[in-house]
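There are 2 protein chains.
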Amino acid sequence: MSQHSSKRATLSEVAALAGVSRSAVSRAFTEGASVSVKTRSKVERAAQELGYRPNVLARSLTTRKTGLVGLVANNFHNPIFLEVFDLFTRQLQTVGLRPLIVNLTEETDPQRSVQLLLEYQVDAVVVASSTLPVGFADSFSEAGISVVHAFGRPTNRKDINVIGIDNIEAGRIAARRLLASGYNDVGFLGGPEKATSTRDRLEGFLDVLSDYPKIKTRVHFAGDYTFEAGFDEMASMILRGLSQAYFCADDVISIGAMSALRRANFRIPQQIGIIGFNDMEMAGWDNIRLTTIHQPLDQVIEESVICLTGMLTLNTRKTYQKLLPCHIVERDTLPALS
Amino acid sequence: MSQHSSKRATLSEVAALAGVSRSAVSRAFTEGASVSVKTRSKVERAAQELGYRPNVLARSLTTRKTGLVGLVANNFHNPIFLEVFDLFTRQLQTVGLRPLIVNLTEETDPQRSVQLLLEYQVDAVVVASSTLPVGFADSFSEAGISVVHAFGRPTNRKDINVIGIDNIEAGRIAARRLLASGYNDVGFLGGPEKATSTRDRLEGFLDVLSDYPKIKTRVHFAGDYTFEAGFDEMASMILRGLSQAYFCADDVISIGAMSALRRANFRIPQQIGIIGFNDMEMAGWDNIRLTTIHQPLDQVIEESVICLTGMLTLNTRKTYQKLLPCHIVERDTLPALS
DNA sequence: AAGAGTTTTGCAACCGGTTGCAAAATAAAA
DNA sequence: TTTTATTTTGCAACCGGTTGCAAAACTCTT
Chain B
115 MSQHSSKRAT
125 LSEVAALAGV
135 SRSAVSRAFT
145 EGASVSVKTR
155 SKVERAAQEL
165 GYRPNVLARS
175 LTTRKTGLVG
185 LVANNFHNPI
195 FLEVFDLFTR
205 QLQTVGLRPL
215 IVNLTEETDP
225 QRSVQLLLEY
235 QVDAVVVASS
245 TLPVGFADSF
255 SEAGISVVHA
265 FGRPTNRKDI
275 NVIGIDNIEA
285 GRIAARRLLA
295 SGYNDVGFLG
305 GPEKATSTRD
315 RLEGFLDVLS
325 DYPKIKTRVH
335 FAGDYTFEAG
345 FDEMASMILR
355 GLSQAYFCAD
365 DVISIGAMSA
375 LRRANFRIPQ
385 QIGIIGFNDM
395 EMAGWDNIRL
405 TTIHQPLDQV
415 IEESVICLTG
425 MLTLNTRKTY
435 QKLLPCHIVE
445 RDTLPALS
Chain V
115 MSQHSSKRAT
125 LSEVAALAGV
135 SRSAVSRAFT
145 EGASVSVKTR
155 SKVERAAQEL
165 GYRPNVLARS
175 LTTRKTGLVG
185 LVANNFHNPI
195 FLEVFDLFTR
205 QLQTVGLRPL
215 IVNLTEETDP
225 QRSVQLLLEY
235 QVDAVVVASS
245 TLPVGFADSF
255 SEAGISVVHA
265 FGRPTNRKDI
275 NVIGIDNIEA
285 GRIAARRLLA
295 SGYNDVGFLG
305 GPEKATSTRD
315 RLEGFLDVLS
325 DYPKIKTRVH
335 FAGDYTFEAG
345 FDEMASMILR
355 GLSQAYFCAD
365 DVISIGAMSA
375 LRRANFRIPQ
385 QIGIIGFNDM
395 EMAGWDNIRL
405 TTIHQPLDQV
415 IEESVICLTG
425 MLTLNTRKTY
435 QKLLPCHIVE
445 RDTLPALS
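Protein chains in written order, with the numbering used here: chain B, 115 to 452; chain V, 115 to 452.
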């Protein structure tokens, strides 16, 4: 019968009650330590009685493993990120790690957040974002924390793990898809011009189109990965003349842009074709049905966590970078291919 | 010049380099401790030199304050929750607390998560959900952790803080709004039948309508707070006959339901009126424009954090419960009031 | 310059655990 | 049964900090 006193029971108290040494109790709670079944059961009985749970933080002092993992992100406004969060927290907790969240806002000083995670002795950090300033993830590594940059762009620093998606190839896929529909005037509608994700997708997009000089290509950027930014940018594009189809570098932007188009009485996909990026849950909703490029979120995250646990268990500093492929999900915002 | 050795510098090392005692270093890093300016600067110089940052976890051992706050939630699929997350993490970090996330899934044992947070010595727990089994938050309190239940329902346990919204009154507001539009056949489309939020909203809704026996009232439940659940339930309702307007107890359900209605060629709001709940960001998007009941997320969260810090600084166990009022946001899914 | 009052300092014990090592207990071999 | 090999145990030191307390070092008076 566990007893709920207001003070937490400690190792020593359990030891006293069980009539064994403190080390014995410690070992009883350590996987694979040398304890006889007899003492173990004595200890377990006493622990049960006192409602004892070991203090992970105290333990971390000697083991130098806290089980804490910094999860730093800045995209708390894109619905896709809820999925990212869900997956990351789940995955981490199944391998016994606890995510310590850092919400990077404009006010928070990036350097301060590095220090913060240092102070909390996190075992590692995962940076989940494709819109952070280049080199942001580096500062963690420089401070001596293992880091995996999920959704990041490959870098030539070899102390940083990158598990991302192949944005460049995804841009190519989008371009080829538009070509397949026979368009000869297409546009790119990106997110923030400085975001690596937008830049890479654009690069791939243009890469393919550069082989088709007869096809007119325009490039635009929405200021943000948001509905309003997509809406506003498309609204202004409508006034200045439209292409036949657009590759929008984000689903939310796509939805904003489509909203502006419908507002101006354009029919999708009959008059204007749209292909998005991300394949967030909402894209499949019956009232949206956005044709888009699917990003293998779960794979990226699973791989990131595998990478993480690898580093932690082997305690190696050996890193790797891996880009996963994306694929098109056909829905209703581009004409069906015959 | 801070030096980045692979090993983290410790208090003793700083003390040695600065030529002072360990206590001196400790005090130099403690707000309001007794240190002369001379030693403080010696210490700071040395700390700088070694890139020293105090180990919060070690400190917590004696101070009994970790700065960690458990943030437990289970609604990682409702877009509204991204906003909740954003606000909570921001608010917590501005008051110097770190959110330790627990994603309650079907697989995770609730009791295990309580233990987990105990092991990590969290200063407090905030439970952010309105769909958890009644009494879930209690187990934290029973384990001796201060708890505030954000978005919770008032309880007669007086050891639990509840900062929520007045769901019952919100239900009344919705009912009155539908009455004001002159409907005489209205419906309620809830989320999970057991979720307290759904039950309370229904209670208020029926409370008002019970005064109008001539008005026909139907009650339905979608199994989940999801698009599909809303879509499916509405689809089946369409077959069995519709009311003139519905109060959907969640925006996502509303959107799913509207999608089904449009699919069946009903015009909103001309033929069927819809009022939602939450006022999530997306509800205001130009392609949705859902008339809905706004939930003061930021207030709930701000108040929750205030409540939290109050308990932590005063170290009091005195709790309170507070329900904040909701209000209608008129958009385009109900006929405008004259 | 000595005494009283105030600040600053270091010592040592403690927070709640872990762990190397040698002694004690047990099991296996002779 | 004694000897030897193996497992289990407790001691004590340590992880990286904090803090009560008394001594040391300053002020300020007189």
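Backbone N, C-alpha and C fix where the C-beta goes; we use that ideal spot for every residue, glycine too.
Under 9 Å between the Cβ atoms of LEU303(V) and PHE345(V)? Against the second sequence, residue 303(V) aligns to sequence position 189. Against the second sequence, residue 345(V) aligns to sequence position 231. For LEU303(V) and PHE345(V), no; Cβs fall outside 9 Å.
Report yes if the CB atom of ILE382(V) is closer than 9 Å to the CB atom of ILE407(V), and no otherwise. Within the second sequence, residue 382(V) is the residue found at index 268, counting from 1. Within the second sequence, residue 407(V) is the residue found at index 293, counting from 1. For ILE382(V) and ILE407(V), no; Cβs fall outside 9 Å.
Residues, ordered as in the chain, of the segment 368-381 of chain V that lie near chain B by beta-carbon distance below 9 Å: ILE369, GLY370, MET372, SER373, ALA374, ARG376, ARG377
Would ASN217(B) and PHE250(B) qualify as a contact pair, given that the criterion is a beta-carbon distance under 9 Å? Counted from its first residue, the first sequence places residue 217(B) at position 103. Counted from its first residue, the first sequence places residue 250(B) at position 136. Their beta carbons are not under 9 Å apart, which means ASN217(B) does not touch PHE250(B) by this criterion.
What residue range is occupied by the uninterrupted beta strand (DSSP E) comprising ASN281(B)? To locate residue 281(B), count along the first sequence from 1; it is residue 167. Not the beta strand (DSSP E): ASN281(B) falls in the alpha helix (DSSP H), residues 281-294.
Boundaries (first-last residue) of the alpha helix (DSSP H) holding CYS440(B): Stepping through the first sequence from its first residue, residue 440(B) is reached at position 326. Unbroken run through CYS440(B): none, as it is neither H nor E.
Where the beta strand (DSSP E) through LYS330(B) begins and ends: Stepping through the first sequence from its first residue, residue 330(B) is reached at position 216. Segment 330-335, the beta strand (DSSP E) holding LYS330(B).
Looking at TYR339(B): is its Cβ nearer than 9 Å to the Cβ of ILE369(B)? In the first sequence, the residue the question calls residue 339(B) occupies position 225. In the first sequence, the residue the question calls residue 369(B) occupies position 255. In this structure, ILE369(B) does not lie closer than 9 Å to TYR339(B) by Cβ.
Spatial neighbours of GLN117(V) within its chain, please: C-beta separation below 8 Å, excluding the five flanking residues on both sides. Here residue 117(V) refers to the residue found at position 3 of the second sequence. In this prediction, GLN117(V) has a pLDDT of 47, which is less than 50 and means its spatial position is unreliable; what the coordinates show is noted afterwards. Answer for GLN117(V): GLU163, LEU164, GLY165, listed in chain order.
Residues near GLU317(V) by beta carbon distance below 7 Å, same chain, minus five either side: On the second sequence, position 203 is the one that residue 317(V) refers to. ILE282, GLY285.
Cβ contact check for the segment 154-161 of chain B and the segment 174-194 of chain B: 3 or more pairs under 8 Å: no
Suppose contacts are defined by Cβ-Cβ distances below 9 Å. Is SER253(B) in contact with GLN235(B) by that definition? Taking the first residue of the first sequence as 1, we reach residue 253(B) at position 139. Taking the first residue of the first sequence as 1, we reach residue 235(B) at position 121. Not closer than 9 Å, so no.
Is there a Cβ from chain B that is less than 9 Å from the Cβ of LYS432(V)? To locate residue 432(V), count along the second sequence from 1; it is residue 318. Taking Cβ atoms only, chain B never reaches closer than 9 Å to LYS432(V), which makes this a no.
My assumption, with CB atoms under 8 Å, is that THR405(B) sits in contact with ARG445(B). Please give the rounded CB distance. Taking the first sequence and counting its residues from 1, one reaches residue 405(B) at position 291. Taking the first sequence and counting its residues from 1, one reaches residue 445(B) at position 331. Sure, about 5 Å apart at Cβ, within 8 Å.
Within a Cβ cutoff of 7 Å, which residues of the same chain sit near GLN205(V), ignoring the five residues on either side of it in sequence? Counting from 1 along the second sequence, the entry for residue 205(V) is found at position 91. So the qualifying residues of the chain are ILE415, GLU416, VAL419.
Got a sec: is the Cβ-Cβ distance from MET115(V) to anything in chain B below 9 Å? The sequence position of residue 115(V) within the second sequence is 1, counting from 1. For MET115(V), the pLDDT reaches just 41, beneath the cut-off of 50, and the residue's location in the model is therefore unreliable, although a value from the coordinates is still provided. No, its Cβ sits nowhere closer than 9 Å to a Cβ of chain B.
For a quick check, are the C-beta atoms of MET396(B) and PRO193(B) less than 9 Å apart? Counted from its first residue, the first sequence places residue 396(B) at position 282. Counted from its first residue, the first sequence places residue 193(B) at position 79. Result yes, Cβ atoms of MET396(B) and PRO193(B) sit closer than 9 Å.
List, in chain order, every chain B residue whose beta-carbon is nearer than 9 Å to that of GLN207(V). Taking the first residue of the second sequence as 1, we reach residue 207(V) at position 93. ILE215, VAL216, ASN217, THR219, THR222, SER227, LEU230, listed in chain order.
Given PRO213(V) as reference, the closest of VAL239(V), GLU221(V), GLU342(V) once Cα atoms are compared: By one-based count along the second sequence, residue 213(V) stands at place 99. Selected option, being the one with the closest Cα: VAL239(V).
Of the residues THR208(V), VAL322(V), LEU356(V), VAL228(V), the one placed nearest LEU422(V), counting alpha carbons only: Locating residue 422(V) in the second sequence gives position 308, counting from the first residue. Comparing Cα positions, the closest option is THR208(V).
Would the segment 265-280 of chain V count as touching the segment 427-436 of chain V if we require 3 or more Cβ pairs under 8 Å? yes
Determine which residues of the segment 159-187 of chain V have a Cβ less than 7 Å from any Cβ of chain B, and write them out in chain order. ARG167, PRO168, ASN169, VAL170, LEU171, ALA172, SER174, LEU175, THR180
Tell me whether ILE367(B) sits in a helix, a strand or coil according to DSSP, three-state version. Position 253 of the first sequence, counted from the first residue, corresponds to residue 367(B). Helix at ILE367(B).
How would you list, in chain order, the residues of chain V whose beta-carbon sits under 7 Å from the beta-carbon of THR203(B)? As a first step, residue 203(B) is located in the first sequence; it is residue number 89 there, counting from the start. Correct list: ILE215, ASN217.
When the distance is taken between beta carbons, is ILE388(V) closer than 9 Å to LEU448(V)? Taking the second sequence and counting its residues from 1, one reaches residue 448(V) at position 334. Taking the second sequence and counting its residues from 1, one reaches residue 388(V) at position 274. A contact, by the Cβ cut-off of 9 Å.
With burial defined as no fewer than 16 other Cβ atoms inside 10 Å of the residue's Cβ, what is the status of ASP412(V): buried or exposed? Along the second sequence, one-based indexing puts residue 412(V) at 298. Exposed, because fewer than 16 other Cβ atoms sit within 10 Å of the Cβ of ASP412(V).
Simplified DSSP assignment, three categories, for ASP252(B): Translated into positions along the first sequence, residue 252(B) becomes position 138. ASP252(B): helix per DSSP, three-state reduction.
Taking C-beta pairs closer than 7 Å, name the residues in chain V that PHE341(B) reaches, listed in chain order. Residue mapping note: residue 341(B) aligns to position 227 of the first sequence, counting from 1. Those within 7 Å of PHE341(B) in chain V are TRP399.
To the nearest angstrom, report how far apart TYR326(B) and GLY305(B) are at their CA atoms. Taking the first sequence and counting its residues from 1, the one referred to as residue 326(B) is at position 212. Taking the first sequence and counting its residues from 1, the one referred to as residue 305(B) is at position 191. So the two alpha carbons sit approximately 24 Å from each other.
Which partner residues of GLN435(V) appear in the DSSP bridge assignment? As a first step, residue 435(V) is located in the second sequence; it is residue number 321 there, counting from the start. Bridge partners of GLN435(V): VAL276(V).
Chain B beta carbons: is any one of them nearer than 9 Å to that of HIS191(V)? Counting from 1 along the second sequence, the entry for residue 191(V) is found at position 77. Output row for HIS191(V): interface = yes.
Is it the case that the Cβ atoms of THR331(V) and ARG267(V) are separated by a distance below 9 Å? For this step, residue 331(V) is matched to residue 217 along the second sequence. For this step, residue 267(V) is matched to residue 153 along the second sequence. No; because the gap between Cβ atoms is not below 9 Å, this pair is not in contact.
Interface partners of PHE195(V) on chain B, CB under 7 Å: Numbered from 1 along the second sequence, position 81 holds the residue referred to as residue 195(V). Simply LEU196.
ILE215(B), DSSP secondary structure in three states: Translated into the one-based positions of the first sequence, residue 215(B) becomes position 101. If DSSP states are grouped into helix, strand and coil, ILE215(B) belongs with the strands.
Would CYS440(B) and ASP314(B) qualify as a contact pair, given that the criterion is a beta-carbon distance under 9 Å? Counting from one through the first sequence, the residue named residue 440(B) turns up at place 326. Counting from one through the first sequence, the residue named residue 314(B) turns up at place 200. Cβ distance not < 9 Å, so CYS440(B) and ASP314(B) don't count as in contact.
Within the same chain, show all residues whose beta-carbon is closer than 8 Å to that of ARG271(B), passing over the 5 residues directly before and after it, in chain order. Mapped onto the first sequence, residue 271(B) falls at position 157. Answer for ARG271(B): ASP252, SER255, listed in chain order.
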